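Residue numbers (my numbering): 3 to 91.
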Amino acid sequence: GITVVLITHHMNEAEEADRVIVMDDGRIALDGTPKEVFTQVEPLRTMGLTVPDTVDLLDRLRKDGLDVPLDALTVDECAAAITAALAKN
């Protein structure tokens with residue numbers, strides 16, 4: 003197999019990876035799949051990083067009281083999560 007190491011500050015690029023490692027002051031702060039890492043919205047923001055647009059939208063909706071998961075990375079997953087949450091209400 004082939005391993006590619008991509009270093010980026012663009013979370014929309016990082017969400018395509020199999021594994022994401024977030025470094026903070028030379029140490030590993032977060033390590034996991036994109037879904038595992040990007041659901042950690044507040045720690046990422048504290049480190050000065052953004053989250054993918056879909057996660058940002060879901061986080062805002064959650065703060066406004068809609069019961070949505072934060073692990074939808076694609077637009078289709080995000081739309082399905084919002085639709086399911088609205089159907090519950």
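The beta carbon of each residue, even a glycine, is placed where N, CA and C say it ideally should be. None of these values were measured; they are calculated from a predicted model.
| said: Can you give me the C-alpha to C-alpha distance between P36 and G50, rounded to a whole angstrom? | reply: Take the alpha-carbon of P36 and the one of G50: they are about 17 Å apart.
| task | Look at the alpha carbon of L72 and the alpha carbon of D78, and state the distance between them as a whole number of angstroms. | result | Approximately 13 Å, taken between the alpha carbons.
| said: My assumption, with CB atoms under 8 Å, is that D69 sits in contact with A87. Please give the rounded CB distance. | reply: At roughly 5 Å, the Cβ-Cβ gap stays under 8 Å, so D69 and A87 are in contact.
| request: Can you have a look at P54 and say buried or exposed, based on whether 16 or more other CB atoms are within 10 angstroms of its CB? | output: Burial call: buried.
| query | With respect to the beta strand (DSSP E) encompassing D66, which residues constitute its N-terminal and C-terminal limits? | reply | From DSSP, D66 is part of no beta strand (DSSP E); its letter is neither H nor E.
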